[in-house]
Amino acid sequence: MPSPITLFKGRVGDALIDVQLQLALSEVPVNLAGNRAKAKAALPEFERLRDVARDIKDHTLEHLDHYLDIYEENATAAGAIVHWASTPEDARAIILDICRTANARLVTKGKSMVSEEIHLNDHLEQAGFEVVETDLGEYLIQLEHEAPSHIIAPAIHLTVAEVERRFRKAHTQFPQSRVFNEPADLVAEARQVLRQKFLTADVGITGANFLVAETGSSVIVTNEGNGDLTQLLPKVHIVIAAIDKVIPTLADTVTLMRLLPRSATGQETTAYVTFTTGPRRKGEHEGPEHVHVVILDNGRSELLGTNMRSVLRCIRCGACMNHCPVYSAIGGHAYGTVYPGPIGAALMPGLSSVKETAHLAGASTFCGACASVCPVKIPLPDLMRNWREAEFQAGSGSVLARTSLKAWAALALRPKLYHPLMRLTVAALGALGRRRGAFRWLPLARGWTRYRDLPAPEGRTFQQLWSETQKGVPR
Amino acid sequence: MSRSADPRPRAGLFVTCLVDTFRPSVGFAAAKLIEASGCEVVVPVAQTCCGQPAYNSGDRATATQFARQTIAAFADCDYVVVPSGSCAGMLKVHFVELLAGSSDQSAAQTFAAKVFELTTFLAVERKLQTVPGRYDGAVTYHDSCSGLRELGVKDAPRDLLALVEGLEIKEMTECETCCGFGGLFSVKYPDISNAMVEKKTTHATKSGADLLLAGDLGCLMNMAGKLRRANSTIDCRHVAEVLAGEMSAPPIAKRD
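Each protein sequence line maps, in turn, to chains A and B.
The first sequence begins at 624 in my numbering and counts up one residue at a time.
The second sequence begins at 20 in my numbering and counts up one residue at a time.
Below you can see the structure in the form of structure tokens.
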């Protein structure tokens, strides 16, 4: 079995030559990042709000057990049943049990990254349930059994032409001669297919953008309205969310909501922001009869007492990946993890084993664009560096890299040895490279020279030249 | 090392390992500019590298040794001036983190207060009003990531370039996007690094400038190496070379 890093490099290689993917990715900075910049410019207090949002999340994480208790108390009082799941297995077992008890056949789903994290669809399907994703992007990738490539735009890797191809392949009930003149035609067809599913579903599963402790409400933030139909029409509604989604109050929700859509898509607010508190009450005409909230830990509580805690501030806006030059070069699938991009590199080793995903922290230039746009100011490069430190301390990673680093450090920490040796090296390289000014090829530098020339040294070190100019000057 | 009798503020030049070994011209250009801002320039020989390769590889203990070595080397300086935003960020921001809670914590803080990235030092700290350089042509400026995001280096290089007679700035699209260098990243993930530098050099080419400038030699070697491989006519230089009028060395990655 190849190592995780070898597999990663293989996927990266494939992604970089995937013409369709590159075409789809080329629009990310223009659309998502550009829209965020416009939304930020239109809100003078945007930067100040980021501090407030960070403080809300830090306070909540500081007292997480307390707010989870309050949430459970208030959700229960409203008639919901709260389940605690420490592992993905636990969460799946709880959800399977609820679906069986409801005698369900068809399960509709709103967009939920936590359901991806626990690979819920596969398990429900194996147990005999029909599962239909109702978010358009999720529906598109479900058609080909793909994972999301972005946390808010799961099908961002697809071009419009590819969407049309998938629809023609999957929706054989419609005439092949139909034409899709514009994206709206695709949306209309999806709506037609999904409408029937909404009406006949037995269980609806959604995620939650926030769990509000004060009221016991769960909040979903959507643009398509599919989440509302998923959670309101079936008899049973299951919310699946992780422990880091709880926040204290409705006022806090409003503050975070001022940042979430703006950071994500550049919208001032999304088309739908829905607060759900318990099942249908006496005298009410709509809403589910039963509401279950499954709250997943999956390693998060282990991060609370560590230098990784701030990763749990994340409100899943996706701005870090929209602004990441690595993500926009390789796309989400190349990461091979549920959460891609900078937040994925910072979070995934905490959720799975460090061995499987710590290499992702290495796939960053630490340019810091992610941290500079994060609405809750997660210091993502610092967190990635923390994982590099954990990997270094565990002695994993490349032996050659470690040995070279140690040798270089041993030398560079002895200036009296370092400077004369650099003089010799630079003289030799300078002599070799002077004629052309750059090397097309150099032993041990293949990683560099495969794609670019290596500029040749001028031939003498600065220290050497400077000491010559300073002779006679007292220092 | 005894202090000289020079009454001017004593500015220690942190050369950076890349300038020291690959392009000493940048060091001399920086020294000339620091001197022009009214300081005495000294170059401690006990300096080597800022330690970033170790720090960013997760070897915190070794990085801490580099922090101690560097702080000691510049103990008698009023300023520490660095012709690189990346190394300056290491000295000013990360040394403090590395030594927090140790006996050297306050030394690291005192040191950090003395550290400046070169263009910020000249434009903001020393308020330089004229520069020796003159350049007849159009330049475009790449904002190196660490300088930009850790130290806020954005206006200083442009304000200084505006003082250069004959020079026109033509901004490129996404001038703040990473060039794909990232230190060891460039050799650990050459495929991704290449995709990034390809975008960067495409933007630089489209800007219409004939000279690509930046404040960090690492980024410049990456971009210049890519442009040279593509046989581009665009030249690359460190911003200090243009500001100081020290342009006798051939452009980066080009021949004499």
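Beta carbons: idealized from backbone N, C-alpha and C, even for Gly.
From a predicted model like this one, the values you see are computed outputs, not experimental measurements.
Span of the beta strand (DSSP E), counted from its first residue to its last, around residue i
i: E187(B); result: E184 to I188
i: S841(A); result: S840 to T845
i: F898(A); result: Y895 to T899
i: R153(B); result: R153 to H161
i: G827(A); result: V826 to T829
i: R256(B); result: D254 to H257
i: K732(A); result: L729 to K732
i: E925(A); result: Careful: E925(A) lies outside any beta strand (DSSP E), inside the alpha helix (DSSP H) at R923 to L927.
Alpha-carbon to alpha-carbon, residue j and residue i
i: E668(A); j: T878(A); result: 11 Å
i: T888(A); j: I774(A); result: 12 Å
i: V99(B); j: V949(A); result: 33 Å
i: I718(A); j: R673(A); result: 35 Å
i: V45(B); j: R153(B); result: 16 Å
i: R1075(A); j: Q819(A); result: 56 Å
i: A107(B); j: Y762(A); result: 48 Å
i: K133(B); j: G57(B); result: 16 Å
i: A214(B); j: K868(A); result: 36 Å
i: L655(A); j: N945(A); result: 6 Å
i: G928(A); j: E685(A); result: 9 Å
i: K661(A); j: Q890(A); result: 9 Å
i: P102(B); j: F33(B); result: 8 Å
i: T900(A); j: L743(A); result: 24 Å
i: A39(B); j: R1046(A); result: According to the sequence provided, residue 39(B) is Asp. The question's Ala does not apply to it. When rounded, the distance between both Cα atoms is 10 Å.
i: L766(A); j: L759(A); result: 11 Å
i: F1015(A); j: G77(B); result: 6 Å
i: T13(B); j: L1065(A); result: This structure does not reach residue 13(B), given that chain B is present from 20 up to 275, and the question cannot be answered.
i: P771(A); j: V961(A); result: 7 Å
i: R42(B); j: G1082(A); result: 9 Å
Chain-order list of residues whose beta-carbon lies under 7 Å from that of residue i (same chain, five-residue window excluded)
i: A647(A); result: I779, H780, L781 and T782
i: G202(B); result: Q71, P72, N75 and G237
i: V18(B); result: The question about residue 18(B) has no answer here: the residues shown for chain B are numbered 20 through 275.
i: R814(A); result: none
i: A82(B); result: G70, A73, Y74 and L117
i: W707(A); result: I918
Sequence-distant residues of the same chain with beta carbon closer than 8 Å to residue i, five excluded per side
i: R248(B); result: none
i: F989(A); result: P1004, M1007 and R1008
i: E54(B); result: V60
i: E925(A); result: G973
Sequence-distant residues of the same chain with beta carbon closer than 6 Å to residue i, five excluded per side
i: M109(B); result: C69 and Q71
i: A92(B); result: P63, A65 and Q66
i: P1097(A); result: Model confidence at P1097(A) stands at a pLDDT of 45, short of 50, so the residue's coordinates are unreliable and nothing is read from them.
i: F140(B); result: V100
i: E753(A); result: L729
i: Y690(A); result: T683, A836, V869 and P871
i: V826(A); result: C722, A725, A727, V730, P857 and V859
i: F803(A); result: E787 and L809
i: T1084(A); result: M1045, R1046 and V1049
Supposed close pair residue i, residue j - CB separation, criterion 8 Å
i: G166(B); j: S105(B); result: 7 Å
i: A864(A); j: A831(A); result: 4 Å
i: R936(A); j: V999(A); result: 4 Å
i: L231(B); j: V258(B); result: Between V258(B) and L231(B) the Cβ distance is about 10 Å, and since that is not below 8 Å, they are no contact.
i: V896(A); j: V842(A); result: 7 Å
i: P884(A); j: T892(A); result: 5 Å
i: A957(A); j: R677(A); result: The pair is not a contact, with the Cβ atoms about 30 Å apart (cut-off 8 Å).
i: L1044(A); j: P1080(A); result: Not quite, the Cβ-Cβ distance comes to about 14 Å (not below 8 Å), so this is no contact.
Run of the alpha helix (DSSP H) containing residue i, from where it starts to where it stops
i: Y694(A); result: L687 to A700
i: A638(A); result: P627 to L639
i: Y98(B); result: Per DSSP, Y98(B) belongs to no alpha helix (DSSP H); it is in the beta strand (DSSP E), Y98 to V101.
i: L32(B); result: No alpha helix (DSSP H) holds L32(B); the beta strand (DSSP E) holding it covers R29 to L32.
i: A665(A); result: Looking at the DSSP string, A665(A) is not in any alpha helix (DSSP H), and its letter there is neither H nor E.
i: H1042(A); result: P1038 to G1056
Amino acids of chain D, ordered along the chain, whose beta-carbon sits closer than 7 Å to that of residue i
i: G985(A); result: Given the protein chain composition of this structure (A and B), no chain D is represented.
Quiz prompt | Interface positions of the stretch 936 to 955 of chain A facing chain B (Cβ-Cβ less than 8 Å), listed along the chain | solution = So the close ones are P948, V949, A952 and I953.
Quiz prompt | Cβ-based contacts, 8 Å cut-off: residues of the stretch 1036 to 1060 of chain A near chain B | solution = Of all residues in the stretch 1036 to 1060 of chain A, those with a C-beta nearer than 8 Å to a C-beta of chain B are L1036, P1038, Y1041, H1042, M1045, T1048, V1049, R1057, R1058, R1059 and G1060, reading in chain order.
Quiz item: If contact means a Cβ-Cβ distance below 7 Å, which residues of the stretch 1063 to 1074 of chain A contact chain B?
Solution: Of all residues in the stretch 1063 to 1074 of chain A, only G1070, W1071, R1073 and Y1074 come within less than 7 Å of chain B when Cβ atoms are compared, listed by chain position.
Practice problem: Pull out every residue of the stretch 861 to 880 of chain A whose Cβ sits closer than 8 Å to any Cβ of chain B, in chain order. | Solution: Going along the stretch 861 to 880 of chain A in chain order, one finds no residue with a Cβ nearer than 8 Å to chain B.
Quiz item: In chain order, what residues of the stretch 230 to 248 of chain B put their CB closer than 7 Å to some CB of chain A?
Solution: So the close ones are M240, N241, A243, G244, K245, R247 and R248.
Practice problem: Would you list, in chain order, the members of the stretch 1002 to 1023 of chain A that have their beta-carbon closer than 7 Å to a beta-carbon of chain B? | Solution: So the list reads R1008, R1011, E1012, E1014 and F1015, given in the order they occur along the chain.
Exercise. Could you list the residues in the stretch 83 to 97 of chain B with a C-beta less than 9 Å from some C-beta on chain A, going in chain order?
Key: Within the stretch 83 to 97 of chain B, the residues whose Cβ lies closer than 9 Å to some Cβ of chain A are Q84, F85, Q88 and A92, listed in chain order.
Self-check item: Residues within the stretch 26 to 55 of chain B neighbouring chain A, beta-carbon criterion of under 7 Å
Solution: Here the close residues are V34, V38, D39, T40, F41, R42, P43, S44 and G46.
Quiz prompt | Contact list for the stretch 668 to 692 of chain A against chain B, Cβ threshold 8 Å | solution = Result list empty, no residue passes.
Exercise. Would you list, in chain order, the members of the stretch 701 to 724 of chain A that have their beta-carbon closer than 7 Å to a beta-carbon of chain B?
Key: Those would be none; no residue qualifies.
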